[in-house]
Amino acid sequence: MSIRATTRVTGAAKNTITNLLVDLGGACSGYQAAAFYDLPCKTIQCDEIWSAICAYTKLVPSWLVGERTADDARVFIRDLASRLENRVQLTSDGLKLYVSAVEPAFAGDIDYAMLHKLYDQPDLADNERRYSPAICTGYEIRTINGTTSLAPVASSS
């Protein structure tokens, strides 16, 4: 629900709703920092919106609101590594910033691969093309460290 819709439903001021969201975000972040450690995740997927998700449990052990910079990549991956109990298979998208962030964070104790999706434009009339999403036609897997087996993971959706 948007902030504006929340103000209409609750009758509270926009600034009140915004302040509550900031407070709630801080509380959730504090809880995650205290409770999310020694996680038994085995397969983690990362993407450039700075989030990591366990492929099987759908737990989000780490996230970062930041920019697409090398510094933010290092902070994000270091935080992820600090929360995991054992060696994991990490798969990221094709963002090259991950390559230099993963090695120091995990000290080589990781199976890491990049999955680069290949896209093609849909075959539509010109006026429909700009509103249609690209079509994923395949992918390339690049093993960066260790051994990886990128078997499909069952989806709950």
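Start counting the sequence shown at 35; every next residue gets the next number (this note's numbering).
Ideal Cβ positions, reconstructed from N, Cα and C, are used throughout, including at glycine.
Buried versus exposed, by CB contacts within 10 Å (16 or more), residue i
i	result
Tyr153	exposed
Cys193	The requested residue 193 is not part of the displayed model; the chain covers only 35 to 191.
Asp143	exposed
Thr77	buried
Leu124	buried
Ile51	buried
Rounded straight-line distance, which links the Cα of residue j to that of residue i
i	j	result
Tyr132	Cys75	19 Å
Leu73	Ala86	13 Å
Gly59	Gly45	21 Å
Ile175	Lys48	46 Å
Tyr173	Arg42	45 Å
Ser166	Ser36	26 Å
Leu54	Asp105	30 Å
Thr40	Asn179	47 Å
Thr91	Gln155	33 Å
Thr177	Ala69	31 Å
Of the listed residues the options, nearest to residue i (C-alpha basis)
i	options	result
Ala115	Cys62, Thr91, Ser36 and Pro138	Pro138
Gly194	Gly45, Ala141, Met148 and Phe140	No information on residue 194 is available, as it lies outside the stretch 35 to 191 that the chain covers here.
Glu101	Pro95, Thr171, Leu124 and Phe110	Phe110
Ala107	Lys92, Val94, Lys130 and Leu124	Lys130
Ala141	Gln155, His150 and Val122	Val122
Glu82	Thr177, His150 and Ile51	His150
Val136	Leu54, Thr171, Arg112 and Met35	Arg112
Ser126	Glu119, Ala89 and Gln155	Ala89
Gly64	Pro95, Thr41, Thr50 and Thr52	Pro95
Nearest-angstrom Cβ-Cβ length linking residue i and residue j, presumed shorter than 8 Å
i	j	result
Tyr71	Arg117	5 Å
Asp145	Thr103	Going by Cβ atoms, the distance from Asp145 to Thr103 rounds to 26 Å, so no, they are not a contact pair.
Leu98	Trp84	4 Å
task: Within the region 48-127, note down every full beta strand (DSSP E) run reaching 3 residues or more, in order along the chain.
output: DSSP runs (the beta strand (DSSP E)) wholly in the region 48-127: 77-81, 85-88 and 123-126.
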